[in-house]
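Protein chains in written order, with the numbering used here: chain A, 149 to 294; chain B, 149 to 294.
Number of protein chains: 2
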Amino acid sequence: MRITQEADYALRMVYYLASTKGFVDAKSIAEATGTPERFTLKILRKLLVAGFLSSQKGVGGGYSMAADPNTLTMKDVIELIDGPVSISRCSESEHICSRVGECKGECTFHCIFEKINGLLSDKLGSVSIAMVCGGEYTTEEILEKI
Amino acid sequence: MRITQEADYALRMVYYLASTKGFVDAKSIAEATGTPERFTLKILRKLLVAGFLSSQKGVGGGYSMAADPNTLTMKDVIELIDGPVSISRCSESEHICSRVGECKGECTFHCIFEKINGLLSDKLGSVSIAMVCGGEYTTEEILEKI
DNA sequence: ATTTAGTATACCTTTTTAGTACACTATTAT
DNA sequence: ATAATAGTGTACTAAAAAGGTATACTAAAT
Chain A
149 MRITQEADYA LRMVYYLAST KGFVDAKSIA EATGTPERFT LKILRKLLVA
199 GFLSSQKGVG GGYSMAADPN TLTMKDVIEL IDGPVSISRC SESEHICSRV
249 GECKGECTFH CIFEKINGLL SDKLGSVSIA MVCGGEYTTE EILEKI
Chain B
149 MRITQEADYA LRMVYYLAST KGFVDAKSIA EATGTPERFT LKILRKLLVA
199 GFLSSQKGVG GGYSMAADPN TLTMKDVIEL IDGPVSISRC SESEHICSRV
249 GECKGECTFH CIFEKINGLL SDKLGSVSIA MVCGGEYTTE EILEKI
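Quick look at the structure:
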């Protein structure tokens with residue numbers, strides 16, 4: 149499960165908005181995060197529909213944080229863009245599983261992937277946006293928690 | 149870092165050969181693992197060049213295990229096919245890092261990805277082929293170790 | 001009513017993934 | 001020797017995913 153560039157951009161947009169008061173227009177967000185302008189709009193739309201952001205049209209409008217940064221996690225943002233965290237097809241709900249012998253959802257590799265996938269998912273779910281941008285923790289402290 | 153279908157096939161080939169004595173021809177390996185025949189050859193070649201397998205030409209030839217299943221890990225096989233385990237571009241050696249502010253290899257997301265990536269890598273490296281096919285451990289016991 | 005700024009849909013280009021084709025070489029059995 | 005088996009090497013291709021654009025429109029503030 150390579151986190152896509154799009155999800156990476158989304159994370160940094162959320163980060164930026166969580167650290168900023170009031171509405172910020174898409175152009176500024178694009179500049180701050182290094183995202184192409186059109187692509188920014190597309191990603192912001194997804195974050196908006198998911199309820200993570202709110203938007204305001206017209207002069208002085210833009211986007212601002214809607215979700216609580218304390219409960220919004222890295223996992224939430226990544227899964228919104230990339231879909232469920234999954235290191236292997238074999239760990240997806242309906243197991244498309246190329247395996248030796250029978251696999252009734254129970255081949256060993258399938259189980260191992262599922263376990264590791266769960267760990268990965270939990271780790272990403274354990275880091276809230278507030279932790280990263282609150283200034284409450286240093287990077288070292290965050291890393292210790294993971 | 150979605151483990152590719154090719155790496156998945158490779159794992160199952162190694163699994164199959166580690167559970168089988170003597171040389172097995174590519175066609176049989178293809179059948180046993182559910183891999184397209186031509187694709188099987190391609191993957192077997194990579195495993196051979198890496199020293200994980202040995203091969204024998206001619207009648208009665210085929211492939212057999214060359215590496216020690218006790219030291220060969222899932223990570224070894226996966227990285228041979230897919231390259232270094234990496235959940236984010238940001239966790240690759242030279243950080244192609246789209247981030248807010250400066251990132252001298254030290255942006256918070258970068259560090260978090262790197263940490264989680266290390267964990268993922270360690271987990272995959274902790275499962276040897278022998279553990280999976282030796283019959284020494286049940287699937288449950290393997291999962292406990294991860 | 002004009003400007004700013006978000007909305008909606010569709011399209012396009014590049015890279016990666018997954019797989020094939022073909023011509024060749026080496027080994028073994030007869 | 002020679003036929004049959006089986007691996008080697010290189011190049012190509014189709015489909016999907018990733019990453020990004022274009023166009024036309026709607027809403028709000030001044």
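All residues carry an ideal CB built from backbone N, CA and C; glycine is no exception.
Does serine 269 of chain B get closer than 8 Å to chain A when you measure Cβ to Cβ? Not flagged as an interface residue toward chain A: serine 269 of chain B, since no C-beta distance is shorter than 8 Å.
Would you decide whether proline 143 of chain B is buried or exposed? Buried here means 16 or more other CB atoms lie within 10 Å of its CB. Since the first residue of chain B shown is 149 and the last is 294, residue 143 of chain B is not available in this structure.
Hey, how far is the Cα of glycine 259 of chain A from the Cα of threonine 287 of chain B? Looking at the sequence shown, residue 259 of chain A is not glycine but cysteine. Between cysteine 259 of chain A and threonine 287 of chain B, the alpha-carbon positions lie close to 8 Å from each other.
Sorted by chain position, which residues of the same chain lie with C-beta nearer than 6 Å to serine 167 of chain B's C-beta, five sequence neighbours on each side aside? The answer, listed in chain order, is Cys281.
Can you determine whether any heavy atom of the ligand GDP sits closer than 7 Å to the C-beta of isoleucine 290 of chain B, and answer yes or no? For the structure depicted, the ligand GDP is absent and the ligand set is empty, with no information on it obtainable.
N- and C-terminal bounds of the alpha helix (DSSP H) containing serine 176 of chain A: According to the DSSP assignment, serine 176 of chain A belongs to the alpha helix (DSSP H) that extends over 174 to 181.
Three-state class that DSSP yields for glutamate 250 of chain A in the structure shown: Caution is warranted here: a pLDDT of 46 is assigned to glutamate 250 of chain A, below 50, making its placement in the model unreliable, and the coordinate value is therefore given only provisionally. Coil, per DSSP.
What do you get for proline 184 of chain A, buried or exposed, if any count of 16 or more other CB atoms within 10 angstroms of its CB means buried? Looking at its Cβ environment, which holds fewer than 16 other Cβ atoms inside 10 Å, proline 184 of chain A is exposed.
What residue from A/Lys190, A/Ala174, A/Ile177 and A/Met279 has the CA that sits closest to threonine 219 of chain A's CA? Nearest C-alpha to threonine 219 of chain A: A/Met279.
Leaving out the 5 sequence neighbours to the left and right, which residues in its chain are closer than 7 Å to lysine 175 of chain A when beta-carbon positions are compared? Glu185, listed in sequence order.
Would glycine 208 of chain A be called buried (16 or more neighbouring beta carbons within 10 Å of its own) or exposed? Sixteen is the threshold: since fewer than 16 other Cβ atoms of the shown chains lie within 10 Å of the Cβ of glycine 208 of chain A, the residue is exposed.
Any idea which residues DSSP pairs glutamine 204 of chain A with across the strands? Note: glutamine 204 of chain A sits in a beta bridge opposite A/Gly210.
In terms of alpha-carbon separation, which member of B/Glu292, B/Glu289, B/Arg160 and B/Arg150 lies closest to methionine 139 of chain B? In the structure displayed, chain B extends from 149 to 294; residue 139 of chain B sits before or after that span and is not available.
Candidates A/Leu192, A/Ala198 and A/Ile235: which alpha carbon is nearest glutamate 154 of chain A's? Ranking A/Leu192, A/Ala198 and A/Ile235 by Cα distance to glutamate 154 of chain A puts A/Leu192 first.
Of the choices B/Glu284, B/Gln204 and B/Asp156, whose alpha-carbon is the least far from that of valine 225 of chain B? In terms of Cα proximity to valine 225 of chain B, the closest of B/Glu284, B/Gln204 and B/Asp156 is B/Asp156.
Should glycine 283 of chain B go down as buried or exposed, given a rule of 16 or more other Cβ atoms within 10 Å for buried? Around the beta carbon of glycine 283 of chain B, fewer than 16 other beta carbons lie within 10 angstroms, which makes this residue exposed.
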